[in-house]
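Protein chains: 2
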Amino acid sequence: MKYNDREVPEVVIKRLSRYYRYLGEYLNEGVERISSGKLSERMKVTASQIRQDFNYFGGFGQQGYGYNVEYVYNEIANILGLKDGYRAVIIGAGHLGLALANHESFKKRGFDIMALFDNDKDKIGNVVNSKPILDVADIENFIKKNDISIAIMTLPKVRVNDIASKLVDWGIKGIWNFTSAEIVTEKPVAVENVHMSDSLMTLSCKIKQGD
Amino acid sequence: MKYNDREVPEVVIKRLSRYYRYLGEYLNEGVERISSGKLSERMKVTASQIRQDFNYFGGFGQQGYGYNVEYVYNEIANILGLKDGYRAVIIGAGHLGLALANHESFKKRGFDIMALFDNDKDKIGNVVNSKPILDVADIENFIKKNDISIAIMTLPKVRVNDIASKLVDWGIKGIWNFTSAEIVTEKPVAVENVHMSDSLMTLSCKIKQGD
Numbered sequence: 001m002k003y004n005d006r007e008v009p010e011v012v013i014k015r016l017s018r019y020y021r022y023l024g025e026y027l028n029e030g031v032e033r034i035s036s037g038k039l040s041e042r043m044k045v046t047a048s049q050i051r052q053d054f055n056y057f058g059g060f061g062q063q064g065y066g067y068n069v070e071y072v073y074n075e076i077a078n079i080l081g082l083k084d085g086y087r088a089v090i091i092g093a094g095h096l097g098l099a100l101a102n103h104e105s106f107k108k109r110g111f112d113i114m115a116l117f118d119n120d121k122d123k124i125g126n127v128v129n130s131k132p133i134l135d136v137a138d139i140e141n142f143i144k145k146n147d148i149s150i151a152i153m154t155l156p157k158v159r160v161n162d163i164a165s166k167l168v169d170w171g172i173k174g175i176w177n178f179t180s181a182e183i184v185t186e187k188p189v190a191v192e193n194v195h196m197s198d199s200l201m202t203l204s205c206k207i208k209q210g211d
Numbered sequence: 001m002k003y004n005d006r007e008v009p010e011v012v013i014k015r016l017s018r019y020y021r022y023l024g025e026y027l028n029e030g031v032e033r034i035s036s037g038k039l040s041e042r043m044k045v046t047a048s049q050i051r052q053d054f055n056y057f058g059g060f061g062q063q064g065y066g067y068n069v070e071y072v073y074n075e076i077a078n079i080l081g082l083k084d085g086y087r088a089v090i091i092g093a094g095h096l097g098l099a100l101a102n103h104e105s106f107k108k109r110g111f112d113i114m115a116l117f118d119n120d121k122d123k124i125g126n127v128v129n130s131k132p133i134l135d136v137a138d139i140e141n142f143i144k145k146n147d148i149s150i151a152i153m154t155l156p157k158v159r160v161n162d163i164a165s166k167l168v169d170w171g172i173k174g175i176w177n178f179t180s181a182e183i184v185t186e187k188p189v190a191v192e193n194v195h196m197s198d199s200l201m202t203l204s205c206k207i208k209q210g211d
């Protein structure tokens, strides 16, 4: 990913989401200014790492007495695209799809899950956390009419790439992929993969190596 | 985390899991040796990054003609603790808990989910993907008797830290935390947090900044 023509490593983007979360906590606590040292203690990254990360985005104007929490929070929200608000659909109303439909923090971040799609007649017509489960045959129409930008993939792996390219044609700008399939599309699309096994192996490594 | 007394950044550990996955693919394809250049193309990280990461673990002996796939695969498995095999329980049999219980790739990696626990009488006694849902009141006994090392936290956030310290006392060595609660325990324990919102914000950033 590039910001102002400068390549930003993916790991910095991931930390940006974390900074946003932690700054939100400070904001809730009524903290107005925060030093990189204090932020570093809470987040368990070094202060120099924080300054280095922030420098990809112009540094967020740290003064001698620290960062302005609200300013940096808003700037990061803007970089992350959270100010724009995105509408999403979940494709695959299995357990994981239902769990994501019930996740309360996405809405707060500006992500609105509008519906789930499935091909199981027993599920179609049900409502989960105020979101309808619709027939996957109607997905093109729904995406186009409701200005949907994000597709959340919780369908069986083998069916992912039957639909991925079509989704992009219909207007999807980002795919949040929970399957182990690698997303292959004709036109470019933003993809974020969630590899559960990688996370579990990381835990295993921490256990094995004594954290 | 430290390896041979040298601090290894968390991001390197995360990439180690990815290397392991990709090397497993090469192994399945019958590839015996692989250059960092070829691996770099498939994984979309630079070859120098790969060499730098591997150097934390002694370099895995690249020859002029590349890495021995099986050797590196096995070495990484060992570092990740996958050779040891871990038994896990899921605490909280909601949608996410059920989705994880149905996830087929954990077993393959050496993680054996033995049971789910819940306090809902309607769920207790059910079986999910051959794993029983048991009464959370019986968890101490189960962990001790079955040599359980990993607790997967999919229970409501507010109840996480009522149980976390007890789990460690009963023998849990690692907590895989899907809640937004920060794990606080008296004795040290390995923790891996899965922050769904961070991942979604990363996707949002890729959309906003044009990937």
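Chains as they are written, first to last, in my numbering: chain A, 1 to 211; chain B, 1 to 211.
C-beta: ideal position from N, C-alpha, C; glycine also.
Short Cβ contact (7 Å threshold) for residue i with residue j
i	j	result
A99/A	I90/A	no
Q209/B	Y3/A	yes
I143/A	W176/A	no
I79/A	F54/A	no
D135/A	I124/A	yes
G59/B	S35/B	no
K88/B	F111/B	Residue identity differs from the one stated: residue 88/B is Ala in this sequence, not Lys. Cβ atoms of A88/B and F111/B: closer than 7 Å.
T185/A	A164/A	yes
F178/A	V158/A	no
E10/B	S199/A	no
R109/A	S197/B	yes
Pairwise C-alpha distance: residue j and residue i
i	j	result
P188/A	G174/B	39 Å
F106/A	V12/A	21 Å
V69/A	G81/A	18 Å
D5/B	G61/B	20 Å
C205/B	L155/B	29 Å
Y71/B	L203/B	35 Å
M201/B	L16/A	9 Å
E182/A	D120/B	37 Å
I27/B	G24/A	The residue you asked about is not Ile; residue 27/B is Leu in the sequence shown. Cα to Cα, L27/B sits roughly 45 Å from G24/A.
Y86/A	S40/B	33 Å
D122/A	L167/A	24 Å
R42/B	E29/A	45 Å
T46/A	P132/B	44 Å
E140/B	I207/A	20 Å
S180/A	S48/A	35 Å
N161/B	I50/B	38 Å
E32/A	Q52/A	22 Å
G92/A	H103/A	15 Å
A190/A	Y73/A	24 Å
V127/B	I172/B	23 Å
Y20/A	K83/A	13 Å
N129/B	V8/A	42 Å
K14/B	G94/A	27 Å
G64/B	L96/A	45 Å
V38/A	G37/B	Residue identity differs from the one stated: residue 38/A is Lys in this sequence, not Val. The straight-line gap from Cα to Cα measures roughly 41 Å.
E75/A	E75/B	43 Å
M1/B	K44/B	25 Å
Limits of the unbroken beta strand (DSSP E) element including residue i
i	result
E192/B	190–193
V45/A	Taken as a continuous stretch (DSSP letters only), V45/A belongs to no beta strand (DSSP E), as it is neither H nor E.
N4/B	Element bounds for N4/B: n/a, residue is neither H nor E.
Y56/B	No beta strand (DSSP E) holds Y56/B; DSSP gives it neither H nor E.
V184/A	First-last for V184/A: undefined, no H or E at that position.
A93/B	Here A93/B belongs to no beta strand (DSSP E), and DSSP marks it neither H nor E.
D112/B	111–118
G61/A	G61/A -> no beta strand (DSSP E), and no H or E assigned at all.
N177/B	174–177
Residue range of the alpha helix (DSSP H) that includes residue i
i	result
R21/A	10–28
N146/A	139–146
V136/A	Here V136/A belongs to no alpha helix (DSSP H), and DSSP marks it neither H nor E.
I76/A	69–79
N161/A	160–170
I124/B	Per DSSP, I124/B belongs to no alpha helix (DSSP H) and is neither H nor E.
T154/B	Looking at the DSSP string, T154/B is not in any alpha helix (DSSP H), and its letter there is neither H nor E.
L200/B	196–208
S35/B	Per DSSP, S35/B belongs to no alpha helix (DSSP H) and is neither H nor E.
*Contact list for the stretch 142–158 of chain A against chain B, Cβ threshold 9 Å*: Of all residues in the stretch 142–158 of chain A, S149, I150, I152, T154 have a Cβ within less than 9 Å of some Cβ in chain B.
*Anything in the stretch 84–111 of chain B with a Cβ closer than 9 Å to a Cβ of chain A? List those residues in chain order, please.*
Cβ contacts with chain A come from D84, Y86, A88, G94, H95, L96, G97, L98, A99, L100, A101, N102, H103, S105, F106, K108, R109, G110, F111.
*With 7 Å as the limit, tell me which residues of the stretch 52–79 of chain B have their beta carbon closer than that to any beta carbon of chain A; keep them in chain order.*
Flagged, chain order: I79.
*Give the residues from the stretch 175–186 of chain A that approach chain B closer than 7 Å (Cβ to any Cβ), ordered along the chain.*
Taking a C-beta cut-off of 7 Å against chain B, the contacting residues of the stretch 175–186 of chain A are W176, S180, listed in chain order.
*With a cut-off of 8 Å, do at least 3 Cβ pairs link the stretch 140–160 of chain A to the stretch 105–119 of chain A?*
They touch, by the three-pair rule.
*Could you please tell me which residues of the stretch 11–28 of chain B, in chain order, have their CB closer than 8 Å to any CB of chain A?*
Hits within the stretch, in order: V11, I13, K14, L16, S17, R18, Y20, R21.
*Check each residue of the stretch 190–210 of chain A: if its Cβ is closer than 7 Å to any Cβ of chain B, include it; give the result in chain order.*
Residues of the stretch 190–210 of chain A with a C-beta less than 7 Å from any C-beta of chain B: A190, E192, V194, M196, S197, D198, S199, L200, M201, T202, L203, S204, C205, K206, I207, K208, Q209, listed in chain order.
*Interfacial residues, the stretch 114–131 of chain B to chain A, with Cβ spacing under 8 Å*: Residues passing the 8 Å Cβ filter: none.
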